[in-house]
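Engineer: Here it is, the structure, as structure tokens.
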Amino acid sequence: MKQDQPRPTPRAGIMDIEAYVPGKSSAPAGVTKVYKLSSNENPLGPSPKAIEAAREVAAKLDVYPDGTARRLREAIGEVHGLNPANIICSNGSDEILGLLAQTYLAPGDEAVFTEHAFMVYKIYIQATGAKPVAVKETDERADVDAILAAVTPKTRIVFLANPNNPTGTYLPFSEVRRLHAGLPKNVLLVLDAAYAEYVRRNDYEAGIELAGSAENVVMTRTFSK
162 MKQDQPRPTP RAGIMDIEAY VPGKSSAPAG VTKVYKLSSN ENPLGPSPKA IEAAREVAAK
222 LDVYPDGTAR RLREAIGEVH GLNPANIICS NGSDEILGLL AQTYLAPGDE AVFTEHAFMV
282 YKIYIQATGA KPVAVKETDE RADVDAILAA VTPKTRIVFL ANPNNPTGTY LPFSEVRRLH
342 AGLPKNVLLV LDAAYAEYVR RNDYEAGIEL AGSAENVVMT RTFSK
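Under the numbering used here, think of the first position of the sequence shown as 162, with each following residue one higher.
Structure follows, in structure tokens:
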């Protein structure tokens, strides 16, 4: 290759992304058994049912799985009263978050999230060439008024982790509805409810009803927690 020829150039924003650093493994002196909670690993080991299911399909690993996850979508729909056609399955909710960013964001767009939210939001936003907009929280809790104030004509997505990790805070669903009502109809509200099963408050909802009734709401869940 001639020295004066330009080399391939990645999309704007890609080289600005900082590598995601997972929870580090460490153990205090004198401690032999450590539970690594930062990576959501189960100290009890895998479920016996999961082990048995893996054994049952081991002899069929030469066949492609159903890319539409039809049986799983139908089962989820039956349990939660949802239309399977409105459900998409992936390798963890992270993949869905990335697909949403790729689908709805382009260079020049903006996407909003709160300052202590899942750092993957910022990574996926930058990967599309869009501008990540981090909004200050109040007492380590998402602030609906601050989020709405950050929305501009360039905003395409608002990511809300509810409940949030690592702060452990959440928004009552009345506040989530207020957030949704204040957003322009062309802005997608992504409710990341990965930790929904951990909330035991009567004023909390994961967002199933809102996602099922509003055209600009997506709720993500996961089996990994």
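Think of the CB as a built atom: it goes at the ideal place given N, C-alpha and C, for glycine as much as any other residue.
Here the structure is a predicted model, which means the values were calculated and not measured.
(1) Using DSSP bridges, identify the partner residues of PHE320.
(2) Distance check for THR275 and ASP320, CA to CA, integer angstroms please.
(3) If you count every other CB in all the chains shown that lies within 10 Å of the CB of PRO324, and 16 or more means buried, which is it?
(4) Measuring CB atoms only, is the stretch 232-244 touching the stretch 256-265, in the sense that at least three cross pairs come out at less than 8 Å?
(5) If you pair each beta-carbon of the stretch 307-317 with each one of the stretch 211-227, do three or more pairs fall below 8 Å?
(6) Need the endpoints of the beta strand (DSSP E) that PRO107 sits in, please.
(7) Quick one, which of ALA246, LEU332, ILE248, GLY290 has its alpha-carbon nearest PRO171's?
(8) Less than 6 Å between C-beta atoms, sequence neighbours within five positions excluded: which residues of the same chain meet that for GLY174?
(9) From GLU256 to LEU371, what does the alpha carbon distance come to, in whole angstroms?
(10) Which class does GLU235 belong to by DSSP, given the choice of helix, strand or coil?
(11) Using only CA atoms, which one of VAL360, ASN326, VAL337, LYS315 lies nearest to ASP304?
(12) Do three or more CB pairs link the stretch 347-367 to the stretch 325-332 at distances below 8 Å?
Structural biologist: A quick look at the data gives this:
(1) The residue labelled residue 320 in the question sits at position 159 within the sequence shown. Its beta-bridge partners are VAL351.
(2) Position 159 of the sequence shown, counted from the first residue, corresponds to residue 320. Position 114 of the sequence shown, counted from the first residue, corresponds to residue 275. One detail in the question is off: residue 320 reads as Phe in this sequence, not Asp. Going by the C-alpha atoms only, they are around 8 Å apart.
(3) Translated into positions along the sequence shown, residue 324 becomes position 163. PRO324 comes out buried.
(4) No, the stretch 232-244 does not touch the stretch 256-265.
(5) The stretch 307-317 makes no contact with the stretch 211-227: fewer than 3 CB pairs, one atom from each, lie closer than 8 Å.
(6) Any property of residue 107 remains undetermined from this structure, which presents the chain solely from 162 to 386.
(7) If you number the sequence shown from 1, residue 171 lands on position 10. Ranking ALA246, LEU332, ILE248, GLY290 by CA distance to the CA of PRO171 puts GLY290 first.
(8) As a working note, residue 174 is residue 13 in the sequence shown. GLN287, GLY290, listed in sequence order.
(9) Reading the sequence shown from its first residue, position 95 is the one you call residue 256. Reading the sequence shown from its first residue, position 210 is the one you call residue 371. Across the structure, GLU256 and LEU371 are spaced so that their CA atoms are roughly 22 Å apart.
(10) As a first step, residue 235 is located in the sequence shown; it is residue number 74 there, counting from the start. Helix, per DSSP.
(11) Working through the sequence shown from its first residue, we reach residue 304 at position 143. Considering only alpha carbons, the answer is VAL337.
(12) Using a Cβ-Cβ distance cut-off of 8 Å, the stretch 347-367 and the stretch 325-332 are in contact, since at least three pairs of beta carbons, one from each stretch, lie closer than that value.
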